[in-house]
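Numbering (the UniProt record's numbering), first residue to last: 1 to 149. C-beta: ideal position from N, C-alpha, C; glycine also. Working notes, beginning with the structure itself.
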Amino acid sequence: MKARDIMVKALTVTPNHSVRALVDLLLQERSDGACVIQDDRLVGVVTTMDLVFQEKRVHLPSILTIMDFAIPLEPPGRLREELDKISGICVDEIMSEEPIVVAPTVPMSDVATLMVEQHLTLVPVVEAGRVLGVVTKEALLRAAFKTKS
């Protein structure tokens, strides 16, 4: 299997997208990150880890997911408090520039190795400078399980 066979649709934001809106999007989509696109080109990647380690020290509340139900493990006001800390920040202030990417033809095993060695949450699949999708840890697990069934 190749990256193109296991990639999923990429969440995308622009560099001037607010971090507050990004957090809402990531939580809504249950995603660990998004590709940052400007003029139809990938300019960065922003992940939940970028949020956690950025200078304002945002803490995304812990959520337990059971059978598609999200159960907050912290007080309900915690998310709002953390979002208030970052309301004035844009994605370009916390994104990882020049992200590691793969071509659609890269074997799944190579993508998995890259993700483990580089501690990546997701890897954009790029061709001719355009994002086709992303390979996530979840997508890798799904693909690995399907190939062994």
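Between the options, which lies nearest to residue i when the distance is taken from Cα to Cα?
i, options, result
"E97", "I37, V116 and G88", "I37"
"E93", "V8, L11, M108 and H17", "H17"
"T12", "R142, D110 and V23", "V23"
"G44", "G129, F145 and K9", "G129"
Do residue i and residue j have their C-beta atoms closer together than 8 Å?
i, j, result
"D50", "M115", "no"
"residue 156", "L140", "With the chain covering only 1 through 149, there is no way to say anything about residue 156."
"D32", "T48", "yes"
Please report the straight-line C-alpha distance between residue i and residue j, rounded to a whole angstrom.
i, j, result
"A21", "E29", "12 Å"
"V106", "A3", "6 Å"
"I89", "V46", "13 Å"
"L132", "L120", "18 Å"
"residue 155", "V135", "This structure does not reach residue 155, given that the chain is present from 1 up to 149, and the question cannot be answered."
"K9", "E138", "13 Å"
"M1", "S109", "8 Å"
"V91", "V125", "20 Å"
"V19", "K146", "35 Å"
Classify residue i as buried or exposed, calling it buried when 16 or more other Cβ atoms lie within 10 Å of its own Cβ.
i, result
"L26", "buried"
"K56", "Since pLDDT at K56 reaches only 49, below the 50 mark, its modelled position is unreliable, and the value read off the structure follows with that caveat. K56 comes out exposed."
"I100", "exposed"
"V52", "exposed"
"I6", "buried"
If you follow the beta strand (DSSP E) that residue i is part of, which residue opens it and which one closes it?
i, result
"I37", "G33 to Q38"
How is the alpha helix (DSSP H) around residue i delimited, first residue to last?
i, result
"E93", "Where E93 is concerned, there is no enclosing alpha helix (DSSP H), given that its DSSP letter is neither H nor E."
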